[in-house]
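Asks: Numbering-wise, my numbering comes out as the position in the sequence shown, counting from 1, plus 1126. Quick one: the structure is below, questions incoming.
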Amino acid sequence: MKRSAFNRKAFTLTELLLGAFVLLVVVLALWGIYGNSLNYVSRAKEVRIATDDLQDVMEKMQCVAFSDIKTLFPDGAAVNPAVIGGFVLNNESIVVRYTGADPLEIEVEISWTDNRGDPRSKVFRTIRTGSI
């Protein structure tokens, strides 16, 4: 009696190689997704640190009397990032700029180099007045 193709009990070499190839493709895709997610987590951490540093500078400027802002935070001068939060990004620089007199338009910009070597920056803007 001849056995049909549906009655066999083992895989052929071709089926095993095809299954191994499909498994390899799935594993490589998951590995790529994992690598990208680590990159996104690293970038999100850097943006969070930058945002925290900008927020710290803005809060310190809010606690200072209006007449002392330009004295304690000179226009175009860099703020020392090590004093702010304790976490320092690569080549981190925080600069405060002003336009106007009263109301005073305040712009605080942070720039840094991310882990891949790309330049990044973020800006916060606000307006403060001394006539309240």
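Where is the CB? At the ideal position from N, CA and C, for every residue including glycine.
1. Flag this pair as touching only if the stretch 1170-1187 and the stretch 1240-1251 have three or more C-beta atom pairs under 8 angstroms; answer yes or no.
2. Should residue 1159 go down as buried or exposed, given a rule of 16 or more other Cβ atoms within 10 Å for buried?
3. For residue 1228, I'd like the list of residues in its chain whose CB is within less than 7 angstroms of its CB, leaving aside the five on either flank, ordered along the chain.
4. Just the Cα atoms here: how many angstroms apart are residue 1185 and residue 1252?
5. Per DSSP, residue 1247 forms a beta bridge with which residues?
6. Measuring alpha carbon to alpha carbon, tell me which of 1224, 1218 and 1234 ends up nearest residue 1243.
7. Assuming residue 1205 contacts residue 1183 (C-beta within less than 8 angstroms), just tell me the rounded distance between them.
Replies: So, from the data block:
1. yes
2. exposed
3. 1255, 1256 and 1257
4. 11 angstroms
5. 1237
6. 1218
7. 6 angstroms
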